[in-house]
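Trainee:
There are 2 protein chains.
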Amino acid sequence: MARPGTRNEGTSKATRPRAAGATTRRGARPRLAKAGKHVYFFGGGKADGDRTMRDLLGGKGAGLAEMTRAGLPVPPGFTISTDVCALFYAQGGRVPDAVEREMAAGLERLEKLAGARLGASDGPLLLSVRSGAKFSMPGMMDTILNLGLNDETVEGLKARTGNGRFAYDSYRRFLQMFGSVVLQVPKDAFDQKFESVKRLRGARLDTDLDEQALRDVVVEYQHVVRQHTDREFPQDPREQLRMARDAVFSSWNNPRAIEYRRIYEIPDDIGTAVNVQTMVFGNTGERSATGVGFTRNPATGAKEFYGEFLVNAQGEDVVAGIRTPQPIRELERLMPEAYAQLREYTSTLERHYQDVQDFEFTIEDGRLYMLQTRSGKRTGYAAVVIATDLVDEGVVEPRQALLLVEPASLSQLLAPVFDPAAWKAVAVATRGLPASPGAACGQAVFSADEAVRWSEHGKRVVLVRKETAPDDIHGMYVAEGILTATGGMTSHAAVVGRQMGKPAVVGAGGLSIDEAGRTLRIGDQTIGEGDWLSFDGLSGEVKIARIATRPSEILQVLAGEMRPESSDIHRRFTRLLEWADRERRLEIRANADLPDQAALAYAFGARGIGLCRTEHMFFGEDRLPIVQRMILSQREADRRQALAELLPLQREDFYGVFKAMHGCPVTIRTIDPPLHEFLPKREEVMVDIARLEAAGKTGRELEEKLALLRRVEQLHEFNPMLGHRGVRVGITFPEITEMQARAIFEAACRLAREGQAVVPEIMIPLVSDVRELRDQKAIVDRVAAEVTKAHGVEIPYLVGTMIEVPRGALTADSIAREARFFSFGTNDMTQLAFGFSRDDIGKFLPAYRQKKILERDPFASLDVEGVGELVRIAVEKGRRARPDLALGVCGEHGGDPSSIHFFEEVGLDYVSASPYRVPVARLAAAQAALKTRVGD
Amino acid sequence: MARPGTRNEGTSKATRPRAAGATTRRGARPRLAKAGKHVYFFGGGKADGDRTMRDLLGGKGAGLAEMTRAGLPVPPGFTISTDVCALFYAQGGRVPDAVEREMAAGLERLEKLAGARLGASDGPLLLSVRSGAKFSMPGMMDTILNLGLNDETVEGLKARTGNGRFAYDSYRRFLQMFGSVVLQVPKDAFDQKFESVKRLRGARLDTDLDEQALRDVVVEYQHVVRQHTDREFPQDPREQLRMARDAVFSSWNNPRAIEYRRIYEIPDDIGTAVNVQTMVFGNTGERSATGVGFTRNPATGAKEFYGEFLVNAQGEDVVAGIRTPQPIRELERLMPEAYAQLREYTSTLERHYQDVQDFEFTIEDGRLYMLQTRSGKRTGYAAVVIATDLVDEGVVEPRQALLLVEPASLSQLLAPVFDPAAWKAVAVATRGLPASPGAACGQAVFSADEAVRWSEHGKRVVLVRKETAPDDIHGMYVAEGILTATGGMTSHAAVVGRQMGKPAVVGAGGLSIDEAGRTLRIGDQTIGEGDWLSFDGLSGEVKIARIATRPSEILQVLAGEMRPESSDIHRRFTRLLEWADRERRLEIRANADLPDQAALAYAFGARGIGLCRTEHMFFGEDRLPIVQRMILSQREADRRQALAELLPLQREDFYGVFKAMHGCPVTIRTIDPPLHEFLPKREEVMVDIARLEAAGKTGRELEEKLALLRRVEQLHEFNPMLGHRGVRVGITFPEITEMQARAIFEAACRLAREGQAVVPEIMIPLVSDVRELRDQKAIVDRVAAEVTKAHGVEIPYLVGTMIEVPRGALTADSIAREARFFSFGTNDMTQLAFGFSRDDIGKFLPAYRQKKILERDPFASLDVEGVGELVRIAVEKGRRARPDLALGVCGEHGGDPSSIHFFEEVGLDYVSASPYRVPVARLAAAQAALKTRVGD
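Taken in sequence, the protein lines are chains A and B. Each number in this note's numbering corresponds to the 1-based position in the first sequence with 29 added. Each number in this note's numbering corresponds to the 1-based position in the second sequence with 29 added.
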């Protein structure tokens, strides 16, 4: 069994085979930008840039350079680098003169290579000007095609091609794009004119218009521009080029691009490149076409050529839906030669890039040009299929395949899914935060007790609550999914939902819930108890309907309901994660409180429990009354009596958890929540009393309520998160710690006698000073000695602490002298570092996101700058004081891929994630190890 | 006007004269302990130690060494150093052999010098064995006198002195002390025997017993020892010495010593020394005596010889109260020669130590011996009188005088006082935390409104509440004092009490308050509205009575009710603080929200406002309804309308505050509390609704309550301290920041036109990320430009931030790029660093104090290790990013002397304290500067 404390010694990991020198992907180390160089040429089989330069050239620019180098037919051009975008904004929307000069030189070189000049009246050079950031932002930024046309050059184009219709079609497209994008003329104004010309001519399709009709369109368009801008359409092609370039840079900050970056967490400061490229034309006639495709099916991963195209069209026509494109297979029939070339080129690209490619092409008079290639986006399911196939085909090695799957997307393979057609058929009623993936469909209930009652009658229910609390657990457990009106991505409903693998949509502000009245309003629709609801935990969409779902195959296999051999995806999933296990350095543990959760975590590959929350064991139906009796006791003796009743129950839980983990380490946290969480809410008791008094009731019922209120008042806290909880409970009620330690060691002794090794790790929460830990450790040590002596068994164990309070991190050196391990509680640490209550953050988080004050929810993805600094301080101070200190993380961030990357860098020993996130963590840890090694 | 931003440049401070080389007090640099040396001899005019070695020798040991060196008649002996105490405990209650050997050598030297041997049957050497820690802990640890006596040596003593009564009196004393202290025989057992012998002999006083009677006592005492210990009294003097020494070391950890250290915040690990000294005898007859005294009156500071003595007695008789001692003046009559010597020696000691001395002496057969000298404890009043007198007498320089006054004790000079005799006459009913010094006496009221009503009828009231809240301010303002059942030293009642200079006793757990029923129970007494209560904010004692008070003279002078010339103490107080101003480096500002507070702060010597809390301006009667209307508005336009009504009111406040500060900097904090603080409490509204519903009421009243509840529910927070407050309010409601900025700049413009310079410093609270500050700064800058343009006036201003959130400290470098100043909000920082809510800490703080997990309340005295680390990080990162960053502190710690010492060390520019703490801060800052310079 690998112990976290032995990371520097020989462990199971150290014996793993590792291919020598195989730590970097071929050519993956990026080339450096050349100082002062901003314009990167490509053409004639040579390119200044290459695929590694996505930071500088954007995805499109790097792809064009790479394809040019590989000898593929790419129209020549140059890329203006992303750092010019920053300069452009820094200078108030102006490109520096040095860049203007570089660009002029690039243009000259392009004219030479193309044998045509921009603005030449005989056979002019025409250009496309397109955006291209490091990360694909499809359709968000602007593009100009056919640049260089004016009243004179259009005639030159006609003369050169002998195709007047083509020339004027290109000109009217240019006028429209330039007019709307650069000159800000409403697109509508052009569309109206175009439609009126089509009407006049009785044309159905754009292609039905002849040269004369298109000439009329050009005249009308120029009129539109004059009307809206009070000036003539710019006729100077060099001025057109400068204006188009600046418009592309400006489009980086258009509202839809900003919103897109917010959603996909793309940094705002990386900027876009501008690609200036010689035009090729898919609209010269029936031997021309334009299209897009994937080398494999991005939805299923199947190895099939996938895409669509349009004959006699330009690029944007395909996506704009003006005409319905044809499936790409039909290209083979229409243009067999070009099709064969395309298959060959794209297969080459897939092998070259060692990944599925998403490409764009144009065929001009039968000649194929490649216009873009990039890694194709895919579903989680497809990602796993593709990664394993590429290994089997010998295209990539397993460690490369690991980098082809987005860790978070693995959750998709575990969640039940809606039948896609049935889902599409119903409209979205409202949206919330997609807190826990999966499809939930059931009858609405509004309390945990109702959920249990309905489910006992064999009903499928979804639990709808304003928010959930620990005493809703039993209802959450039986529900198909959880839907709440308030709370964020780490609210109780979200955390428990993910831990249980239940779909959850939380913080759906559009819900107006009357829990007492058992109704829910969404807009003007009212949903009562028993009405059907469906929601998708991956999209956050909520629908008022019963929509069919099906369980994930992988879970069916894990549950023994399906044989492993009959599930292709289970086999692939397992292989991929085994590869991941070979590469990762971080150990993976799970947060699991009960034996069934522990067993599931083990099945998912967790080799240890990083967080077993003992208080969840207190909420069982058979336990809560005893717990309440303990809390209401005024005397220690009464408390001890109640604790004595809890002891065997908790011992049984620990026994089950230990057993389920087959000898792997189990970290048990002593009691953490404030005691009032186990009692009814203060305002509820107050209202009850007010009702009794108003009804003139006196006597025993009122007396009891008043007594309860007194105790609840005593325990009431203004800020429970900062109150009497964590180690503070153990210090004021040492008998609770004592009972818990006893239950742990008695369970361990029983297992030891049964021949199973157990190493309990006892974790004291919320420590801010070493003396708190010392106090609790003394109790644990004493009980351990008593129990092991009584049983005549030696139980090795560790006592450690959570580091979750800033002061704990800041004084980690003194704490490490008492603690054998630290487990970072990054949830609480985030709350305390920011001073944000995660239950209250909903009030201002939307404004913070909208104003770009917070780019990401720090409860979902670790704040590396602030919270991460505390982690770094604690790691450094802790290891200095105790070199063999074991370090892990058990906050929600333990299952978040980008946070895992940070934990790898900072050198933790393990991460602990909720069971359903264990596969995600295994893969993310492998990627972090690979990337960190590359970055060394 | 000195600006905090210019600390490294020439400021008003830099021009102050400073005597060259005068940074250390004579001989104040401590000598170092010699490695391996543990026993320090003194005698024959020479001593191994001296006054600087209090750490090692304890106060008594250092004093004995110093007096010996000064040639005073000190019985010779040796001191076993404090580090042996640590060794003693580390070795399980054993002194290391090396120390035993050193001690034996010391004893041999002592025997030589004394010309007598321990245990010699003819004229034996007798010893005293006494404790002595660095800090005086009177009566807490153990003492043995007359050691060396046994059945044989007592006869030798008789033979040598020819005084059998004396010899047996000494022996019975030794048996009793050794028996009870070392052998743990109950003291009672000896007392009973002694009384029975006295009864038998018909003796009234101890001195009435003759030799034979005392011989009987000795026999009886030995019998008592045999009975209780099952062994004979140890007859070997060397064994007696070892046992006595170990008993003294053990007494360091007796319960009363531990409790004493807890109360007086003396560290547990410094240990005690043991002083072994040749006995001299005050009990040899009528020409012998023993006594204690002070060189000046420690209560009033008057220059008068002060003390008491007993003839024919040993030391402990004076304090034990067996006989009533005589005033020391009478010694002049009885033993004029010894008295003259004593006056001379103690005067010498006062000049030598440059401070009032508290001394012990014994006269043996007319010969004076000095047994102890140390600085005398004194009241705040006496401290000021003595310090100024010593300067006038040329004994000390002003900068030395500053070190003779405990800064916190200055508060005593400002608080109203009870008539001492009247106070003593009434029993203490209960106790609470002494939160704000002063004597409060008034009729009990249980709500702020009642307080106002009663005071309008000319009644003096004390406000009794479970706890206070911002909406109690008006009641607190009119009350004589504030008494609460819950809350700690920085609870609302405590903070406001100090700020208002109102006596406050808080967290008095013995109070059982029924606010609705307007009664208070203490034990079995019930106090109703209008009953008289008195309490003392300096001791925390509460009494059920009307007890006369009188206001402090200094406040009478400040209020213009007394002419400065007629107040001696005001003149001294002012002089002392002027000396302090010459020495301190830290600027002193005040926390003041309203013009009258600002004026008071200025009178107390604050030269700037470090924290003007704008929300306190919202709680006025004329304002709260407008504020509530703003909060209940759903639309921005309605909010703006309400804010427009608040604008002139707030502008008037700022105008008044600016004016009161005469051009000194004024730091104004934008809105900080969560908005729900301005609305009724959620549970109150819920109870109202329950009552209305139960009464069958419908209609408008219920509707309005329900609407109010909805908004209150929306604003309700689980953890308000971590919720929607501080900069978060300004970000979500930018119109509030805008109004506040407008009020500030309009007020500044008005003053500027009137010819007064104003430099507003606008402070954004609770910043955790630079982008929050940037957002609010943009609003302030825009409004500043608008207002100053409209008024045609230039207003210099600074925008800065509070550093109170850990993440703010951790990212101080990026924040400093936007902030001109940081003001440390150490209250919130303490809450967040520990994860302690100061409102909830009462639930576990007692256990933490008792278990020694926390030695001090971190809200009263800055936690240097953890919170201080955040301050250091922020100072370092902030100054690195902006070298001229101004740094201050505005948390409660700004008025705490030990915290001020830390702020001096860490290099802040200013501290800001509540007005009544400004004098304390001035003095503490001077001491910190002096001590830091010494420590350089």
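Backbone N, C-alpha and C define an ideal beta-carbon position, used for all residues, glycine too.
What do you get for residue 956 (chain A), buried or exposed, if any count of 16 or more other CB atoms within 10 angstroms of its CB means buried?
Mentor: Locating residue 956 (chain A) in the first sequence gives position 927, counting from the first residue. Looking at its Cβ environment, which holds 16 or more other Cβ atoms inside 10 Å, residue 956 (chain A) is buried.
Trainee: Please state the DSSP three-state secondary structure of residue 472 (chain A).
Mentor: Here residue 472 (chain A) corresponds to residue number 443 of the first sequence, with the count starting at 1. DSSP places residue 472 (chain A) in strand when its eight states are reduced to three.
Trainee: Thinking just about the alpha-carbon of each residue, which of B:916, B:571 and B:859 is nearest to the one in residue 790 (chain B)?
Mentor: The residue labelled residue 790 (chain B) in the question sits at position 761 within the second sequence. The residue with the shortest Cα to Cα distance from residue 790 (chain B) is B:916.
Trainee: Taking beta-carbon pairs under 9 angstroms, can you tell me which members of the segment 552 to 577 of chain A lie near chain B?
Mentor: Residues passing the 9 angstroms Cβ filter: none.
Trainee: Please classify residue 749 (chain B): is it buried, with 16 or more other beta-carbons within 10 angstroms of its beta-carbon, or exposed?
Mentor: Your numbering for residue 749 (chain B) matches position 720 in the second sequence. With 16 or more other Cβ atoms within 10 Å, it is buried.
Trainee: Taking Cβ-Cβ distances shorter than 9 angstroms, what residues in chain B pair up with residue 192 (chain A)?
Mentor: Taking the first residue of the first sequence as position 1, residue 192 (chain A) is located at position 163. Chain-ordered listing is empty here: chain B has no CB closer than 9 angstroms to the CB of residue 192 (chain A), the nearest sitting near 55 angstroms.
Trainee: Could you check how far apart the C-beta atoms of residue 439 (chain B) and residue 834 (chain B) are, in whole angstroms? I think they sit under 8 angstroms.
Mentor: On the second sequence, position 410 is the one that residue 439 (chain B) refers to. On the second sequence, position 805 is the one that residue 834 (chain B) refers to. That pair is no contact at about 33 angstroms.
Trainee: Just to confirm my understanding: we take residue 269 (chain A), look at its own chain, exclude 5 residues before and 5 after, and list those with CB closer than 6 angstroms. What are they?
Mentor: As a first step, residue 269 (chain A) is located in the first sequence; it is residue number 240 there, counting from the start. Apart from sequence neighbours up to five positions away, the residues of its chain that approach residue 269 (chain A) with a beta-carbon distance below 6 angstroms are 176 and 263, ordered along the chain.
Trainee: Could you tell me which chain B residues have their CB closer than 9 angstroms to the CB of residue 800 (chain A), listed as they occur along the chain?
Mentor: Here residue 800 (chain A) is taken as the residue at index 771 of the first sequence, counted from 1. Within chain B, the residues near residue 800 (chain A) are 877, 880, 881, 882 and 883.
Trainee: State the DSSP-derived secondary structure class of residue 813 (chain A), mapped to helix, strand or coil.
Mentor: Position 784 of the first sequence, counting from 1, holds the residue named residue 813 (chain A). It is helical.
Trainee: Would you say residue 751 (chain A) faces chain B, with C-beta separation under 8 angstroms as the test?
Mentor: In the first sequence, the residue the question calls residue 751 (chain A) occupies position 722. Yes, its Cβ sits closer than 8 angstroms to a Cβ of chain B.
Trainee: Find the residues of chain B that neighbour residue 282 (chain A), judging by a C-beta separation of less than 8 angstroms, and give them in chain order.
Mentor: Position 253 of the first sequence holds residue 282 (chain A). Here the premise fails: no neighbours, minimum Cβ distance about 17 angstroms.
Trainee: Start and end of the beta strand (DSSP E) containing residue 850 (chain B)?
Mentor: Here residue 850 (chain B) is taken as the residue at index 821 of the second sequence, counted from 1. First-last of the beta strand (DSSP E) with residue 850 (chain B): 850 to 853.
Trainee: Please confirm whether residue 475 (chain A) has its beta-carbon closer than 8 angstroms to some beta-carbon of chain B.
Mentor: Within the first sequence, numbered from 1, the residue matching residue 475 (chain A) stands at position 446. No, residue 475 (chain A) lies away from the interface with chain B (no Cβ there is under 8 angstroms from its Cβ).
Trainee: Taking residue 633 (chain A) as the query, report the chain B residues whose CB atoms sit under 9 angstroms from its CB, ordered along the chain.
Mentor: In the first sequence, counting from the first residue as 1, residue 633 (chain A) sits at position 604. Under the 9 angstroms cutoff, chain B gives no residues; its nearest Cβ is about 32 angstroms from residue 633 (chain A).
Trainee: Show which residues of chain B have a CB atom less than 8 angstroms away from the CB atom of residue 906 (chain A).
Mentor: Taking the first residue of the first sequence as 1, we reach residue 906 (chain A) at position 877. Listed along the chain, the chain B residues whose CB falls inside 8 angstroms of the CB of residue 906 (chain A) amount to none; the nearest CB is some 10 angstroms away.
Trainee: Could you round the C-beta distance between residue 903 (chain A) and residue 614 (chain A) to whole angstroms and report it? I think they count as a contact, below 8 angstroms.
Mentor: Numbered from its first residue, the first sequence carries residue 903 (chain A) at position 874. Numbered from its first residue, the first sequence carries residue 614 (chain A) at position 585. About 19 angstroms separates the two Cβ atoms, so there is no contact after all.
Trainee: Closer than 8 angstroms between beta carbons: that is the criterion. Which residues of the segment 889 to 900 of chain A meet it against chain B?
Mentor: 892, 894, 895, 896, 898 and 899
Trainee: Where does residue 217 (chain A) land, buried or exposed, given buried means 16+ other C-beta within 10 angstroms?
Mentor: Looking up residue 217 (chain A) in the first sequence gives position 188. Classification for residue 217 (chain A): exposed.
Trainee: So if DSSP puts residue 70 (chain A) in a beta bridge, which residue, or which two residues, is it bridged to?
Mentor: Here the question's residue 70 (chain A) lines up with position 41 in the first sequence. In DSSP, residue 70 (chain A) forms a bridge with A:107.
Trainee: Could you check whether the Cβ of residue 6 (chain B) sits closer than 8 angstroms to any Cβ belonging to chain A?
Mentor: The structure shown does not extend to residue 6 (chain B), since chain B spans only 30 to 965, so no value can be given for it.
Trainee: Taking Cβ positions only, does residue 334 (chain B) come closer than 8 angstroms to chain A?
Mentor: Residue numbering aside, residue 334 (chain B) sits at position 305 when the second sequence is read from its first letter. No, residue 334 (chain B) lies away from the interface with chain A (no Cβ there is under 8 angstroms from its Cβ).
Trainee: Please classify residue 926 (chain B) as buried or exposed, where buried requires at least 16 neighbouring CB atoms within 10 angstroms.
Mentor: Numbered from its first residue, the second sequence carries residue 926 (chain B) at position 897. When all chains shown are included, residue 926 (chain B) counts as buried.
Trainee: Excluding five sequence neighbours on each side, which residues of the same chain lie with their C-beta closer than 7 angstroms to the C-beta of residue 250 (chain B)?
Mentor: On the second sequence, residue 250 (chain B) is found 221 positions in, with the first residue counted as 1. Excluding positions up to five away in sequence, the list reads 201, 204, 205, 208, 219 and 222.
Trainee: With a CB to CB cut of under 7 angstroms and the five nearest residues on each side skipped, what residues in its chain are close to residue 812 (chain B)?
Mentor: As a working mapping, residue 812 (chain B) is identified with position 783 in the second sequence. The answer, listed in chain order, is 767, 770, 771 and 774.
Trainee: For the segment 722 to 741 of chain B, list every residue whose C-beta sits within 7 angstroms of some C-beta in chain A, in sequence order.
Mentor: 723 and 724
Trainee: Please state the DSSP three-state secondary structure of residue 778 (chain B).
Mentor: Residue numbering aside, residue 778 (chain B) sits at position 749 when the second sequence is read from its first letter. Note: residue 778 (chain B) maps to helix in three-state DSSP.
Trainee: Suppose you measure from the CA of residue 667 (chain A) to the CA of residue 659 (chain A); what does that come to, to the nearest Å?
Mentor: Position 638 of the first sequence, counting from 1, holds the residue named residue 667 (chain A). Position 630 of the first sequence, counting from 1, holds the residue named residue 659 (chain A). Their backbone Cα atoms lie some 7 angstroms apart in a straight line.
Trainee: Taking residue 481 (chain B) as part of the alpha helix (DSSP H), name the residues at either end of that continuous run.
Mentor: Locating residue 481 (chain B) in the second sequence gives position 452, where the first residue counts as 1. Segment 477 to 485, the alpha helix (DSSP H) holding residue 481 (chain B).
Trainee: So, is the C-beta of residue 958 (chain A) closer than 8 angstroms to a C-beta in chain B?
Mentor: Taking the first sequence and counting its residues from 1, the one referred to as residue 958 (chain A) is at position 929. For residue 958 (chain A), the answer is no, since every Cβ of chain B falls outside 8 angstroms of its Cβ.
Trainee: Is residue 494 (chain B) closer than 8 angstroms to residue 570 (chain B) when the C-beta atoms are compared?
Mentor: Looking up residue 570 (chain B) in the second sequence gives position 541. Looking up residue 494 (chain B) in the second sequence gives position 465. No; because the gap between Cβ atoms is not below 8 angstroms, this pair is not in contact.
Trainee: So which residues of chain B does residue 760 (chain A) contact, with C-beta pairs closer than 9 angstroms?
Mentor: Start at 1 with the first residue of the first sequence, and residue 760 (chain A) comes out as number 731. Within 9 angstroms Cβ-Cβ: 873, 876, 877, 880 and 882.
Trainee: Would DSSP call residue 114 (chain A) helix, strand or coil?
Mentor: Residue mapping note: residue 114 (chain A) aligns to position 85 of the first sequence, counting from 1. If DSSP states are grouped into helix, strand and coil, residue 114 (chain A) belongs with the helices.
Trainee: Measure from the C-beta of residue 852 (chain A) to each C-beta in chain B and report whether the shortest distance is under 8 angstroms.
Mentor: Stepping through the first sequence from its first residue, residue 852 (chain A) is reached at position 823. Closer than 8 angstroms: no.
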